[in-house]
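Read in order, the letters of the sequence shown correspond to residues 17 to 308 in our numbering. Every residue gets a Cβ at the ideal spot worked out from N, C-alpha and C, and that includes glycine. Some notes on the structure that comes next.
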Amino acid sequence: MSDSQNLLHERPARGALTRTGGFLTGFSHTLQPYIGCRFGCSYCYVSQSNVHRFYNGGWEWGSYVYPRVGIADRLELELAKMKRRQTLERSAIFMSSSTDPYQGAERTYQLTRNCLSVFEKTPPGLLVIQTRSPLAARDFDIMAALGERCLLNLTIETDREDVLRNLTPQCKTIRKLQLPASQSREWGIATQITVSPCLPYSRVDTFGKLLLEVSDWVIVDSFVAGDGGGGKRTERTGIPEMYADSGWEDWRSQEAALTLYCWLQERIGERAGWSQEGFTRHARRVTSGAFQ
């Protein structure tokens with residue numbers, strides 16, 4: 017699906033930051049520059065969430081994008097208030113949990129870049145940027161300026177192109193996903209690879225080495241551990257049928273994900289993270305005050 021085929025409707029942002037909990041307990045807030053996501057990954061838990069049900073207007077997940085225009089202005093006001101209240105230093109913000117901040121619409125709207133410019137002037141304790149898009153490289157200048165207050169999470173779920181094309185047809189090739197991770201390290205940006213969820217891969221050593229070529233921090237997750245519903249959200253997607261049709265292992269099995277996690281842990285120790293604990297470990301240090 018190209019950007020021109022997306023249903024794209026601007027919506028004025030009434031606010032910017034949302035307090036969070038659940039899977040992201042440890043973070044203080046989330047930030048969503050867009051509603052909806054053009055990548056439309058078949059397994060995305062957001063397709064089964066209240067966010068999608070409220071905003072979809074009857075459209076399928078992946079077919080609509082609502083840019084939240086003016087969100088950077090709202091963010092600036094909210095960060096200023098947090099600074100006055102002396103809560104900014106212990107804030108940990110996750111951008112984003114229900115959209116990709118670097119999907120195609122960002123090339124035009126630059127909402128994510130505008131928000132980063134606000135963060136550069138008024139930095140939180142920690143900003144974690146979660147994306148699967150090489151477009152993130154455009155903003156490495158601002159991410160680098162944020163220094164240790166910024167952490168980039170880049171998603172690479174498999175080393176098999178056939179799996180990627182089957183389950184995430186709108187996403188870039190694995191090589192193109194690796195490239196921004198290599199570049200971010202050159203910029204001095206702290207970078208983690210998120211294997212979330214872990215999809216069928218070739219061999220544990222082959223995939224593991226590919227991941228360690230571009231980052232020495234890796235988070236591994238599974239459908240059951242990471243969809244926010246113990247696998248129930250994933251069960252309502254097309255994943256069970258797609259796995260069965262492709263002859264892959266039971267989608268509920270965490271064996272492949274745990275095998276990869278253990279392989280990584282043997283080589284990089286605590287820099288290998290598992291599911292929720294891995295995603296929130298840096299945030300918990302900030303919000304608990306241990307980072308100061």
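Simplified DSSP state of residue i, which is helix, strand or coil
i	result
Leu95	helix
Arg252	coil
Arg287	helix
Leu280	helix
Pro28	strand
Ser18	Below a pLDDT of 50, predicted positions are generally treated as unreliable, and Ser18, at 40, falls in that range; the measurement from the model is reported next regardless. Coil.
Pro196	helix
Thr34	strand
Phe43	strand
Tyr259	helix
Tyr50	strand
Ala299	helix
Check whether residue i and residue j have beta carbons under 8 Å apart
i	j	result
Pro185	Ile145	no
Pro150	Val179	no
Glu282	Ala272	no
Ser113	Gly254	no
Arg165	Pro140	yes
Leu23	Tyr80	yes
Thr222	Leu170	no
Ile51	Thr138	no
Ile190	Glu202	no
Trp233	Gln208	yes
Met98	Leu91	no
Thr46	Phe110	yes
Gly294	Ile235	yes
Ser262	Val230	no
Arg129	Thr303	no
Closest residue to residue i among the options (Cα-Cα distance)
i	options	result
Arg154	Gly163, Leu132, Gly86	Leu132
Arg268	Cys214, Leu33, Gly285, Leu127	Cys214
Ser243	Thr128, Arg101, Val62	For the record, residue 243 in the displayed sequence is Asp; it is not Ser. Taking only the C-alpha atoms, the option nearest Asp243 is Val62.
Pro28	Ala108, Leu127, Trp233	Leu127
Gly78	Thr174, Leu183, Thr138	Leu183
Gly289	Ala241, Gly305, Ala260	Ala241
Ala206	Glu105, Leu142, Glu136	Leu142
His25	Leu93, Trp75, Met98, Gly294	Trp75
Ser218	Glu136, Arg148, Ala108, Thr174	Thr174
Lys188	Gly56, Ser291, Leu93, Ser304	Gly56
Gln48	Thr147, Gly204, Glu257	Thr147
Asp237	Ser291, Tyr125, Cys60	Ser291
Gly163	Gly204, Arg181, Ala152, Ala88	Gly204
Tyr125	Ala88, Leu93, Ala96	Ala88
Leu274	Val220, Ser200, Arg181	Val220
Below-8 Å beta-carbon distance, residue i vs any chain C residue
i	result
Leu276	In the structure shown, chain C cannot be found, because there is only a single protein chain.
With contact counted as at least three CB pairs below 8 Å, one residue from each stretch, are the stretch 185 to 195 and the stretch 157 to 164 in contact? Two segments are said to touch when three or more pairs of C-beta atoms, one from each, lie closer than 8 Å; by this definition the stretch 185 to 195 does not touch the stretch 157 to 164.
Are there three or more Cβ pairs, one per stretch, closer than 8 Å when the stretch 215 to 232 is compared with the stretch 41 to 57? No: the two stretches stay apart, fewer than three of their Cβ pairs being nearer than 8 Å.
Looking at C-beta atoms only, is the number of pairs between the stretch 114 to 129 and the stretch 275 to 289 that lie closer than 8 Å three or more? The stretch 275 to 289 and the stretch 114 to 129 do not touch, with fewer than three beta-carbon pairs separated by less than 8 Å.
Would you be able to state if there are at least three C-beta pairs under 8 Å between the stretch 296 to 304 and the stretch 249 to 257? By the C-beta criterion, the stretch 249 to 257 is judged not to be in contact with the stretch 296 to 304, since fewer than 3 inter-stretch pairs fall below 8 Å.
Is the stretch 83 to 102 touching the stretch 21 to 36 in the sense that three or more CB pairs, one from each, lie closer than 8 Å? Look at the beta carbons and you see the stretch 21 to 36 touching the stretch 83 to 102: at least three pairs across the two are nearer than 8 Å.
Ordered list of alpha helix (DSSP H) runs contained in the stretch 171 to 227, each at least 4 residues: The qualifying runs are 177 to 183, 190 to 202.
Scan the stretch 77 to 155 and note each continuous alpha helix (DSSP H) run of 4 residues or more that stays entirely inside, going in chain order. Within the stretch 77 to 155, the complete alpha helix (DSSP H) runs of at least 4 residues are 87 to 100, 122 to 125, 127 to 137.
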